[in-house]
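Encoded as C-alpha cells, the structure appears first; notes follow it.
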Ligand SMILES: Cc1ncc(COP(=O)(O)O)c(C=O)c1O
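Numbering (the numbering used here), first residue to last: 39 to 492.
Take a look at the structure:
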C-alpha cells in the first residue's frame, strides 16, 4: 500500500489489521478510533482536529504532562550515545544513576534493584524471587495471599494473584493456587460499618484466621497499598493497612507492595507507603512501573532487601541464581527518561505544588454526591472516583448488560474528556501537572454528563 494512501486511510488499515488491548473490536466495526497525533500537557490531539483531556494519564502513567521538555530532551540526549544494551553481564550509567537517585526516595532497607519493562513483569519478578528465596533457603513455603479485588497485571503469574474478574475468570484453569481474601470495601462494608468511626477492622478477621491456620505454607502477600485500582478504585484506610502489616509481620511472610499505580506522587506523597508509620514501611518487595519514566517509556523495577538478595548470592554450582530477564531490561532510553522524571520532582517541587490541587480536587468532587446515579464518591491524591448505582438507597448496581460506564465513556469523548470507567465506576486519574482551572473544567463537564445521563 503506498504510504500516502495509507496516511489517508489509517482507520481502515487499523480496523483490518490491528487488535487493540482490552477492547471488543466489534465495538469499532463501524466506528473510527481517534488517531492521536500529538500530546501536550494534559491534552491529546487527533488527526481530525479534535482535542481531549487525558483524564486517566494514558493508562495511569503520565505524571508531568505529555511532551515534558526535560524528559523529552533526556531521551534525545541518550539516543546520541546508547539506545539499548544487554543487561546481563553489562551495565550502563543511566541505570546506575537511576538506582542511586531512587535510593534517596525509599526506606533504607530497600536497596537492591531488579529491572524489567512493565508492571506485570515487576510483579512476576517479586513472586518468583519470594518463591525461589524459600527454595534457596530449603524452606517449604510456596503459597501466596492475594486480595479478591487486587490487580497485578495480565501475565499468568500476575493474574494468579489478582482478583477473579469478568476479564480474568476465563483463564482460571491456568492459574496457580493462591489464598484469595476479601478486600476491604467501605462503601459496601460486609460488616455494616457506616463510617470510619464505627469500624473496628472486622474485615481483617479472615486474614487473621488464614494466618493462624496456614502461615507455615505461605511465602508472601501481594497488595496494592491504600487503593485497589483496577478492582474499582476502592480506597481503604491507612489504619487497615497498618494493622494488616502488623498481622503479617508476626509470621514469616514476605510483603509485596505493588505501587505500580500509586507510585510517584499519585496519592500525594512519593509512594502510598509513605502514609504509613515509619516502622511499618517495610515491604520485602516494592514493584514500580507506569509513572517511573513519567509515562514516556516502558520500564519497571522490583526493589528488594539485602536479606532476599543474599539468599541468591552464592557459588554458581549451588544453583541459587535468579534466572529471569527480559530483552529490554533497564533499557537506557527508559532509564534516562526515569532519571529525568525523578529529577523533575526536586527541580519543580512537584510534591509541594500538588498539595493545593489535591485539596481542590478532593473538595470539589463532593458535589457529585448530590447526583441520583452516584452512589459513592471517593478519592485520594490526584484520583477521584464515582460509583454509579441504579438505586442509591439500596446501592443496587446497574445491570452490567446496560454498559452504563461504556455509554458515559462515549459521552465523555464527545465532550473532549478521556475517561475510561472500570465497569460502572467513573474515575479521574490525573497527571500531577494538571492545573486547578483544568480540574474545574473536567469536573464541571463530567458533572453535566452524569446529571443528564438517562
Ligand atoms: C497496581 C497494578 N499492578 C500492575 C499493573 C500491570 O502493569 P502493566 O500494565 O504495565 O503490565 C497495573 C496496571 O494497571 C496496576 O495498576
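Note that CB positions come from ideal geometry on N, CA and C, so glycine has one too. Remember, it's a predicted structure, so these values are computed and weren't measured experimentally.
Q: Would you check whether ligand 1 has a heavy atom nearer than 8 Å to the C-beta of residue 325?
A: yes
Q.
Restricting to runs no shorter than 3 residues, where is the beta strand (DSSP E) found entirely within the stretch 267 to 352?
A. 292 to 296, 323 to 326, 338 to 342
Q | Runs of beta strand (DSSP E) lying entirely within the stretch 400 to 441, each at least 3 residues, in chain order | A | 412 to 418, 421 to 426
Q. Using the beta-carbon count (16 or more within 10 Å), is residue 182 buried or exposed?
A. buried
Q: Can you tell me which of 109, 357, 323 puts its alpha carbon nearest to the alpha carbon of residue 345?
A: 323
**Q.** Segments of 4+ residues assigned as alpha helix (DSSP H) that fall wholly inside the stretch 207 to 256
**A.** 243 to 252
Q: In angstroms with no decimal places, state the Cα-to-Cα distance between residue 290 and residue 257.
A: 8 Å
Q | Own chain partners of residue 213 with C-beta closer than 8 Å, once the 5 adjacent residues on each side are dropped | A | 194, 197, 198
Q | residue 98 classed as buried or exposed, judged by whether at least 16 other C-beta atoms fall within 10 angstroms | A | buried
Q: Go through its chain and collect everything with a Cβ distance to residue 279's Cβ below 7 Å, but skip five positions before and after it.
A: 263, 264, 314
**Q.** Buried versus exposed, by CB contacts within 10 Å (16 or more), residue 200
**A.** buried
Q) With respect to 8 Å, is the separation between the Cβ of residue 190 and the closest non-hydrogen atom of ligand 1 below this value? A) yes
Q: Compute the distance between the beta-carbons of residue 453 and residue 411, then report whether it is under 9 Å.
A: no
Q: List the endpoints of the continuous alpha helix (DSSP H) containing residue 41.
A: 41 to 46
Q: Would you kindly report the start and end of the unbroken alpha helix (DSSP H) that includes residue 172?
A: 157 to 174
Q: With a 10 Å radius around its C-beta and 16 neighbouring C-beta atoms as the bar for buried, classify residue 45 as buried or exposed.
A: exposed
Q.
What does DSSP give as the partner residue(s) for residue 104 in the beta ladder?
A. 79
Q) Just the Cα atoms here: how many angstroms apart are residue 426 and residue 228? A) 19 Å
Q.
Please return the same chain residues whose Cβ sits closer than 6 Å to the Cβ of residue 341, not counting the five positions on each side in sequence.
A. 148, 151, 324
Q) Is the CB-CB distance between residue 406 and residue 445 below 9 Å? A) no
Q) Cα-Cα, which of 269, 393, 253 is closest to residue 288? A) 253
(Q) When you compare the CB positions of residue 337 and residue 368, do they come within less than 9 Å of one another, or not? (A) yes
Q: Can you give me the start and stop residues for the alpha helix (DSSP H) that residue 134 sits inside?
A: 131 to 141
Q) Between residue 282 and the rest of its own chain, which residues show a CB-CB distance below 7 Å, the 5 nearest in sequence each way excluded? A) 242, 245
Q) What residues in its chain sit with their C-beta under 7 Å from that of residue 222, if we drop five residues either side in the sequence? A) 241, 274, 278
Q | Nearest-angstrom Cα separation, counted from residue 166 out to residue 51 | A | 40 Å
Q | Residues of its chain near residue 53, where Cβ-Cβ distance is below 6 Å and the 5 sequence neighbours each way are ignored | A | none
Q: Go ahead and pull the three-state DSSP assignment for residue 455.
A: strand
(Q) Taking the alpha helix (DSSP H) that residue 476 belongs to, which residues open and close that run? (A) 474 to 490
Q: Assign residue 354 to buried or exposed, taking buried as 16 or more other Cβ atoms, counted over all protein chains shown, within 10 Å of its Cβ.
A: exposed
Q) Excluding five sequence neighbours on each side, which residues of the same chain lie with their C-beta closer than 6 Å to the C-beta of residue 461? A) 443
Q: Would you tell me roughly how many angstroms separate the C-alpha atoms of residue 420 and residue 304, rounded to the nearest one?
A: 6 Å
Q) So, helix, strand or coil for residue 260, using DSSP? A) strand
Q. How would you write the range of the alpha helix (DSSP H) that residue 196 sits in, first residue to last?
A. 194 to 198
Q.
With a threshold of 8 Å (Cβ to nearest heavy atom), would residue 215 be considered close to ligand 1?
A. no
(Q) Give me, in chain order, the residues of the same chain whose beta-carbon lies closer than 8 Å to that of residue 437; leave out the 5 immediate sequence neighbours on both sides. (A) 428
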